[in-house]
Ligand SMILES: [Mn+2]
Ligand SMILES: [Mn+2]
Ligand SMILES: [Mn+2]
Ligand SMILES: [Mn+2]
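Residue numbers (our numbering), protein chains in the order written: chain A, 6 to 202; chain B, 6 to 202.
Now the structure itself:
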């Protein structure tokens, strides 16, 4: 089996970065060969989460075709949000929680659910595949759900997102409300400014 | 919760008819209110299968909007293969094994896998939801996989389709090779002609 790249959308938010890391980890645990990459550098919120949970940012790519024949999209499905040459490679799988605007050349695996974050869908997939989530990855997935749902306050928040946050906070051993507020603050210009003040 | 219609593509084949019946049954068992319908009358092969397993064909619709606000597509995802007014209703879920050409207005549930038939994906979903498959529905799902994979001979046939056929044949209590050949013959003009001869 040849290596596949897993990545979220351009101008990545925390869910885009983390869902790639989480899905790549899950796929590798179940016998596939994948690498999580990103279509841009992490924003300040994501950098805060990566630092907090001792993780390094995925390598940034600008094209897929020079490296692989097949890619896996997370947290997006539209070509215009994807890697520049997405039309030249096979899309072999997608995990996403957005509306769809997708054309593929071949059949593929898609897991889409109307949940608050791609990372919530991925928690389900870890459970279904009975793969344990390492504590630092759980902390990152928690961060992604907090980011997309604004600490479970956004109208896109579902009952499952609430359960997911509690489950992941337990694995990561953090108080999600305290941590979540700090993380969201790290992502605002306000926070940057007050740090400078 | 309001009723949703579940249907396969226009000019329905056996998988399009049966996958609608199977997914509707599964959804209703898990607390949703759905009705399996069809975008055309069953072909001769499908009629053979319905007769053999004592089932009646789903009612045919020509439009969705007069009846429901929300629909569920099986065995297709492209608007041009779907109900005439698909653009005027919400697509709330899709189960399919084809390449994609899909635009939606809202997030939705999608389960797509590159298996030989939509009915193979549905067998997985019954198992995941721990819902038992009635013997006659199992016989129909078996018929759909045999139809799409030409008795497990088509290049689209996967290892899981083979397992699915054996599992479903056991539940339906039929010899799938003998039954499958009869069913495929019922769908050919040759068979129609020799019956007339
Ligand atoms: Mn995102
Ligand atoms: Mn997201
Ligand atoms: Mn079909
Ligand atoms: Mn089919």
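Glycine included, each C-beta is placed from N, C-alpha and C at the ideal position.
Check your understanding: If you compare alpha carbons, which of B:33, B:17, B:15, B:147 is closest to residue 9 of chain B?
Key -> B:33
Practice item. Please report the Cβ distance between residue 67 of chain B and residue 121 of chain B, rounded to the nearest whole angstrom; I am assuming they are in contact, meaning their Cβ atoms lie under 8 Å. Key: With a Cβ gap of about 30 Å, residue 67 of chain B and residue 121 of chain B do not count as contacting.
**Study point:** Cβ-based neighbour list, residue 79 of chain A, same chain, cut-off 6 Å, excluding 5 preceding and 5 following
**Key:** 13, 24, 25, 28, 100, 123
Review point. With respect to the alpha helix (DSSP H) encompassing residue 31 of chain B, which residues constitute its N-terminal and C-terminal limits?
Key: 19-34
Review point. What residue from B:49, B:97, B:115 has the CA that sits closest to residue 105 of chain B's CA?
Key: B:115
Point to revise | Candidates A:44, A:20, A:118: closest to residue 86 of chain A by CA position | key: A:44
Point to revise | Assigned exposure category for residue 2 of chain A - 16 Cβ within 10 Å defines buried | key: Only positions 6 to 202 of chain A appear in this structure, which leaves residue 2 of chain A out of reach.
Check your understanding: Measuring from the CB of residue 18 of chain B, is there a heavy atom of ligand 2 at a distance below 7 Å?
Key -> no
Practice item. Mind checking which residues open and close the alpha helix (DSSP H) that includes residue 132 of chain B? Key: 123-133
Point to revise | Pairwise C-alpha distance: residue 141 of chain A and residue 94 of chain B | key: 42 Å
Point to revise | Length of the line joining the Cα atoms of residue 136 of chain A and residue 56 of chain A | key: 24 Å
Check your understanding: Between residue 40 of chain B and residue 149 of chain A, what straight-line distance do the alpha-carbon atoms span, to the nearest angstrom?
Key -> 37 Å
**Study point:** Integer-rounded CB distance, given that residue 88 of chain A should sit under 8 Å from residue 110 of chain A
**Key:** At roughly 16 Å, the Cβ-Cβ gap does not stay under 8 Å, so residue 110 of chain A and residue 88 of chain A are not in contact.
Check your understanding: Is residue 153 of chain B near ligand 4, in the sense that its beta carbon is under 7 Å from a heavy atom of that ligand?
Key -> yes
Check your understanding: Is the Cβ-Cβ distance between residue 35 of chain A and residue 134 of chain A less than 8 Å?
Key -> yes
Point to revise | C-beta neighbour in chain B for residue 135 of chain A, strict 8 Å | key: no
Exercise for review: Give every residue of the same chain whose Cβ lies closer than 6 Å to the Cβ of residue 107 of chain A, excluding the five residues on either side of it in the sequence, and list them in chain order.
Suggested key: 82
**Study point:** Classification of residue 180 of chain B by the beta-carbon crowding that lies within 10 angstroms, buried from 16 upward
**Key:** exposed
Exercise for review: In angstroms with no decimal places, state the Cα-to-Cα distance between residue 130 of chain A and residue 72 of chain B.
Suggested key: 35 Å
Review point. At a Cβ threshold of 8 Å, is residue 51 of chain A touching chain B?
Key: no
Point to revise | Closest Cα partner of residue 103 of chain A within the set B:113, B:102, B:166 | key: B:113
Review point. In the DSSP assignment, what are the bridge partners of residue 9 of chain A?
Key: A:39
Practice item. Give the interface partners of residue 119 of chain B over in chain A, defined as CB-CB distance under 8 Å, in chain order. Key: 111, 112, 113, 114
Check your understanding: Closer than 8 Å, CB to CB, is residue 107 of chain B near chain A or not?
Key -> yes
Exercise for review: Could you run through the region 95-106 of chain A and flag, in chain order, every residue whose CB is less than 7 Å away from some CB of chain B?
Suggested key: 102, 103, 104, 105, 106
Review point. Which of helix, strand or coil does DSSP assign to residue 153 of chain A?
Key: helix
Exercise for review: Kindly indicate the opening and closing residues of the beta strand (DSSP E) around residue 49 of chain A.
Suggested key: No beta strand (DSSP E) holds residue 49 of chain A; the alpha helix (DSSP H) holding it covers 49-57.
**Study point:** Same chain, Cβ closer than 7 Å to residue 178 of chain B, neighbours up to 5 away in sequence not counted
**Key:** 140
**Study point:** Through-space distance from residue 185 of chain A to residue 198 of chain A, alpha-carbon basis
**Key:** Caution applies to residue 198 of chain A, whose pLDDT of 44 falls short of 50 and renders its modelled position unreliable; the value that the coordinates give is listed next. Cα to Cα, the separation comes out at about 19 Å.
Check your understanding: Can you tell me whether residue 21 of chain A is buried or exposed, with buried defined as 16 or more other CB within 10 angstroms of its CB?
Key -> buried
Exercise for review: Determine which residues share a DSSP beta bridge with residue 115 of chain B and list them.
Suggested key: A:117, B:99
Practice item. State the Cα-Cα distance for the pair residue 192 of chain A and residue 169 of chain A, rounded to the nearest angstrom. Key: 22 Å
Point to revise | According to DSSP, residues forming a beta bridge with residue 148 of chain B | key: BP columns for residue 148 of chain B are empty, so no partner.
Point to revise | N- and C-terminal bounds of the alpha helix (DSSP H) containing residue 183 of chain B | key: 181-191
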